[in-house]
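Student: Chain order of the listed sequences is A and B.
First residue of the first sequence: 18, per the working numbering; consecutive thereafter.
First residue of the second sequence: 887, per the working numbering; consecutive thereafter.
C-beta atoms are modelled at their ideal positions from N, C-alpha and C, and glycine is treated no differently.
First the structure, then my questions, so here it is.
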Amino acid sequence: MAEAEENIRFHEMFHIEGGNFMSAGAISSRVKNILKKAGFPGQIIRRTSIAAFEAEMNVICYANQGNLSLFIAPNFLKVVVKDEGIGIPDVNLAMREGYSTATEKIRELGFGAGMGLSNIKKNTDEMILTSESGQGTHLEFVIYLDNQKKE
Amino acid sequence: MTIFDIVQSFGLETRAGKDHLGEEVTGGYASDLLSDVIAHSRKGNLWITIQTHPNIVAVATMKELAGIILTGGREPDPETLQKAEDEGIPILVSPVFTFELVGRLYQKGISGLSPC
């Protein structure tokens, strides 16, 4: 995982309210606007906002509340999402495409395809997911600015 | 083929994004699962779905889709319309169900990505 915190040029933290589907996508859209204003290449913006959207939706769908932090460094972008919620009992299983614990209500809204975490992995260069059942989940991902992975 | 051509050819009704119908359509994707659309749609695609809530606009904006067609006579939520106007995403509606509409679009040359 990208280190050298002293190189962080920009940091902003956003609060995410669990269960609030009406404002879903608001945080990732703010992330996208920040990156746009900063003049990052389109593909970097697209990959980061897709991963941020999926992470934001996970907090909305499964947690009571959480925070998403965006860090901008000269060579990478990093997003850290921490939530307070039910957590993920088996992280490896959760990473498997198609696996989902979504409720009927969540599925009716078109979420819960079991593709969110794998979409994050696909769109980022590094991803770390840890969770304690009943406590919450901690997700970090990094996108390198000099190494453009394909979507 | 532009969104405008598609609106004309298929008798669709435009509910939002009237000023953004000139974009060339690069293909289509049909799904009601948002993460599936995020994973497999491509820039400039037309998205065919029965989902009507504001998150469809968030997905379309993020993936830079050309527009969204709601099938089976479904109407967008008021918040969806507002968001679509704000983001400039065309929302079109059709009384026809997804399978039939996709078939008609395909016949007119709008195709999807094939993994094999």
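Any beta carbon of chain A sitting closer than 7 Å to that of residue 972 of chain B?
Tutor: no
Student: Please report the distance separating the alpha-carbon of residue 81 of chain A from that of residue 104 of chain A.
Tutor: 10 Å
Student: Could you tell me whether the segment 893-905 of chain B touches the segment 972-980 of chain B, where touching means 3 or more Cβ pairs closer than 8 Å?
Tutor: yes
Student: Entirely within the segment 928-988 of chain B and at least 4 residues each: give me those alpha helix (DSSP H) ranges in chain order.
Tutor: Qualifying alpha helix (DSSP H) stretches, in chain order: 941-948 and 964-973.
Student: Can you give me, in chain order, the residues of the segment 944-955 of chain B that have a beta carbon less than 8 Å from any beta carbon in chain A?
Tutor: 944, 945, 947, 948, 949 and 950
Student: Using C-beta distances below 8 Å, list every residue in its chain close to residue 29 of chain A, excluding the 5 sequence neighbours before and after it, in chain order.
Tutor: 51, 86 and 87
Student: For residue 84 of chain A, which of helix, strand or coil comes out of DSSP?
Tutor: strand
Student: I need the boundaries of the beta strand (DSSP E) containing residue 30 of chain A, first residue and last residue.
Tutor: 27-34
Student: Specify whether the segment 926-940 of chain B and the segment 139-153 of chain A touch according to this definition: at least 3 beta carbon pairs, one from each stretch, less than 8 Å apart.
Tutor: Contact between the segment 926-940 of chain B and the segment 139-153 of chain A is absent, with fewer than three C-beta pairs closer than 8 Å.
Student: Count the other CB atoms, across all protein chains shown, that sit within 10 Å of the CB of residue 73 of chain A; report buried if there are 16 or more and exposed otherwise.
Tutor: buried
Student: Starting from residue 112 of chain A, follow its DSSP beta bridges and name the residues at the other end.
Tutor: Note: residue 112 of chain A sits in no beta bridge, so no partner.
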